[in-house]
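Reading through the structure tokens given below for one structure.
There are 2 protein chains.
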Amino acid sequence: MIAPLARALMAAEMPVLEAHEVSMWGYAVLSRLRDEPARTQAALAQSIGADKTRIIGVLDDLQEQGLIEREPDPADRRVRLVSLTDQGRRTQSAVQAAIQAREERLLSQLPAADRRGFLRALEFLSSLPPDEISG
Amino acid sequence: MIAPLARALMAAEMPVLEAHEVSMWGYAVLSRLRDEPARTQAALAQSIGADKTRIIGVLDDLQEQGLIEREPDPADRRVRLVSLTDQGRRTQSAVQAAIQAREERLLSQLPAADRRGFLRALEFLSSLPPDEISG
DNA sequence: TATTGTTATACTCTATAACTATA
DNA sequence: TATAGTTATAGAGTATAACAATA
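Residue numbers (my numbering), protein chains in the order written: chain A, 237 to 371; chain B, 237 to 371.
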């Protein structure tokens, strides 16, 4: 049940993301950077469940759109310090608000108790390490 | 939260499926056929969220393994009637039991109320048509 | 002409391995 | 030599289009 639902939810988010001209991974990066800046790109990638090679194009796009900044770390010139621009922060907020509005519309159809249990179970299961799920 | 969780759950099912030498789509087909035989392959594909072109290789494998039978419909020789063999039925039951045992182990860590709400919400959301989710 | 199953092709996403620049 | 970022290549999964058989 979960896999098709995940596909449907991602498909439902697409129009919102396209309206703000960001990809799904792009939005994941923006959301991750909103909470705290990333030490390295590799750490940033891992924290959103991606590969360091996979987010490079994403970062290129975000930078070209002026949503993030990448500057060499003076302390270690190998690493690039990635941070949100003001516009990036605004875009992230706008997309998040739009997506949460859709979620609210969807979840409001559930009985309050089911909704609470659903979200709590989801948070618990998401917090488990992979080997706890696979056994 | 849902998409990574779905990925983790699918990864956790892999060893079980490999132990019975069926693919994920193969298991989806077996489970679908257990409930009722399929009128056409296209309908079978659609009912498990796949494409008619995508399940052909799956059906080939299942047939070669002796888990399903495909025979031309005498009434309309264009269509192939797909049905489970006894062995296919046994394999489906065994895989389902193994997967449900894992699910049980996972869900048993949840408070009973959250667990009920989680499953009820999941069933409701899964029953929604796609356009109800996207808006 | 339309439909079922099939095959062939192209496209997207992802993973792996090599390369550069710094350390 | 080891690491951060990058690029290039190959692979899996998927979607689209063309094809043969039957209606």
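Even for Gly, the Cβ is constructed at its ideal location relative to N, Cα and C.
| request: If I'm right that Ser283/A touches Pro240/B with Cβ under 8 Å, what's the distance once you round it to whole angstroms? | output: In fact, because the Cβ distance is near 11 Å, the residues do not count as touching under 8 Å.
| request: Taking only runs that begin and end inside the stretch 292-322 of chain B, name each unbroken beta strand (DSSP E) of 3 or more residues, in chain order. | output: 304-308, 316-320
| query | Are Arg268/A and Leu253/A closer than 8 Å when you measure CB to CB? | reply | no
| message | If you reduce the DSSP assignment to three classes, tell me which class Ala274/B lands in. | response | The DSSP-derived three-state label of Ala274/B is strand.
| In three-state DSSP terms, what is Met237/A? | coil
| message | What would DSSP say about Arg290/B, mapped onto helix, strand or coil? | response | Secondary structure of Arg290/B (DSSP, three-state): coil.
| request: For Ala242/A, go through chain B and note every residue whose CB falls closer than 7 Å to its CB, in chain order. | output: Ile238, Ala239, Ala242
| message | Under 8 Å, with one C-beta from each stretch per pair, do the stretch 297-314 of chain B and the stretch 255-273 of chain B reach the 3-pair mark? | response | Yes: at least three Cβ pairs fall under 8 Å.
| Backbone CA spacing between Arg313/A and Asp287/A [nearest angstrom] | 21 Å
| message | Check whether the stretch 349-357 of chain B and the stretch 351-362 of chain A touch, using three or more Cβ-Cβ pairs below 8 Å as the test. | response | yes
| query | Below 8 Å between beta carbons: does that hold for His256/B and Val318/B? | reply | no
| query | Does any C-beta atom of chain B lie closer than 8 Å to the C-beta of Arg316/A? | reply | no
| task | Kindly give me the distance between the Cβ atoms of Ala311/A and Pro366/B, rounded to whole angstroms, as I take these residues to be in contact under 8 Å. | result | Rounded, the Cβ-Cβ distance is 50 Å, inconsistent with contact.
| Using Cβ-Cβ distances below 9 Å, what residues of the stretch 336-361 of chain A are close to chain B? | Arg338, Arg341, Leu342, Leu343, Gln345, Leu346, Pro347, Ala349, Asp350, Arg351, Arg352, Gly353, Phe354, Leu355, Arg356, Ala357, Leu358, Glu359, Phe360, Leu361
| Burial state of Gln323/A (16 or more Cβ within 10 Å) | exposed
| task | Give a yes or no on whether the C-beta atoms belonging to Thr289/A and Val315/A are separated by under 8 Å. | result | Taking 8 Å as the Cβ cut-off, Thr289/A and Val315/A do not qualify as a contacting pair.
| Exposed or buried, what is Ile292/A when buried is set at 16 or more other beta-carbons lying within 10 Å of its beta-carbon? | Under this definition Ile292/A is an exposed residue.
| said: Taking a contact to mean a Cβ-Cβ separation below 8 Å, would you say Leu320/A touches Leu266/A in this structure? | reply: Yes, the pair counts as a contact, with Cβ atoms nearer than the cut-off.
| request: Using a Cβ-Cβ cut-off of 8 Å, state whether Ile262/A counts as contacting chain B. | output: Checking the sequence, you will find Gly at residue 262/A rather than Ile. So, not an interface residue.
| field | For Ile284/B, three-class secondary structure by DSSP | value | coil
| query | Is Gln345/A helix, strand or coil by DSSP? | reply | coil
| Hey, would you say Ile238/A sits closer than 8 Å to Leu358/B, going by beta carbons? | The answer is yes: Cβ separation under 8 Å.
| How many angstroms separate the CA atom of Val258/A from the CA atom of Glu272/B? | 43 Å
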